[in-house]
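A.B. asks: Before we start, here is the structure in question, set down as structure tokens.
Residue numbers (our numbering): 10 to 234.
See the structure below:
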């Protein structure tokens, strides 16, 4: 109810609760169920496997090393979430997951999801601690410099640079297509990570020569990409 601002004795207006539901609260509170299901699917390279060949439950258990206890629920959850399609017991990618989560395609954006799964997801479990103490909960918590720690480990560095490509892919494609590159011969990306921006520009405009600038440790990843 609310109190009326009119003069005289306050009038009480009752608001019906009949149309209120806890649905949005519960969906948000349990959203990590859906998030972790997708992140685990990316970690298992499920979408890459299905891009190569759709499969039924038993074949996917064998190909991905899934236990029979939970694999059907896992795959069906991905169907319910709209990340897989199932027809006559055969699972396959949706158009979106086939384009963006197949590691064999240049349109793959899963690098940011890989990092979210391995690095960011555990940190968010300490959010309440961070709010109460004001202390960081990432690598700095152990006295490490964030970027020094990332760049000191080749596997973590490669994952981080893949994440940068994944999160910037849409912007890189837009820059490659919408800027008047015909007026230029060269381009440079400062903080290039894997080099996706100059790669997308050069693919769209073969007359251009691109340079990526980053720390020396990124050189091998840049060259491989």
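The beta-carbon is built from N, C-alpha and C at its ideal position, and this holds for glycine as well.
Given a cut-off of 8 Å on the beta-carbon distance, is the pair residue 196 and residue 228 in contact?
C.D. replies: Position 187 of the chain shown holds residue 196. Position 219 of the chain shown holds residue 228. Going by C-beta atoms, residue 196 is not nearer than 8 Å to residue 228.
A.B. asks: How many angstroms separate the CA atom of residue 64 from the CA atom of residue 225?
C.D. replies: Walking along the chain shown from the start, residue 64 turns up at place 55. Walking along the chain shown from the start, residue 225 turns up at place 216. If I take the Cα positions, the gap works out to 42 Å.
A.B. asks: How close, in whole Å, do the beta carbons of residue 66 and residue 84 come, if the pair is a contact with beta carbons under 8 Å?
C.D. replies: Counted from its first residue, the chain shown places residue 66 at position 57. Counted from its first residue, the chain shown places residue 84 at position 75. Sure, about 7 Å apart at Cβ, within 8 Å.
A.B. asks: If you drop the 5 nearest sequence neighbours on each side, which residues of the same chain put their C-beta closer than 6 Å to that of residue 72?
C.D. replies: If you number the chain shown from 1, residue 72 lands on position 63. These residues qualify, in order along the chain: 58.
A.B. asks: What are the boundary residues of the alpha helix (DSSP H) that residue 61 is part of?
C.D. replies: The residue you call residue 61 lines up with position 52 of the chain shown. Element bounds for residue 61: 55-61.
A.B. asks: Check residue 113 in the structure and name its three-state DSSP category.
C.D. replies: Within the chain shown, residue 113 is the residue found at index 104, counting from 1. Reduced to three states, the DSSP call for residue 113 is coil.
A.B. asks: Which stretch, first to last residue, makes up the alpha helix (DSSP H) that contains residue 181?
C.D. replies: Taking the first residue of the chain shown as 1, we reach residue 181 at position 172. Element bounds for residue 181: 163-187.
A.B. asks: In angstroms with no decimal places, state the Cα-to-Cα distance between residue 95 and residue 46.
C.D. replies: Your numbering for residue 95 matches position 86 in the chain shown. Your numbering for residue 46 matches position 37 in the chain shown. C-alpha separation (whole angstroms): 17 Å.
A.B. asks: Could you tell me whether the Cβ atoms of residue 198 and residue 222 are closer together than 8 Å?
C.D. replies: Counting from one through the chain shown, the residue named residue 198 turns up at place 189. Counting from one through the chain shown, the residue named residue 222 turns up at place 213. Contact: yes.
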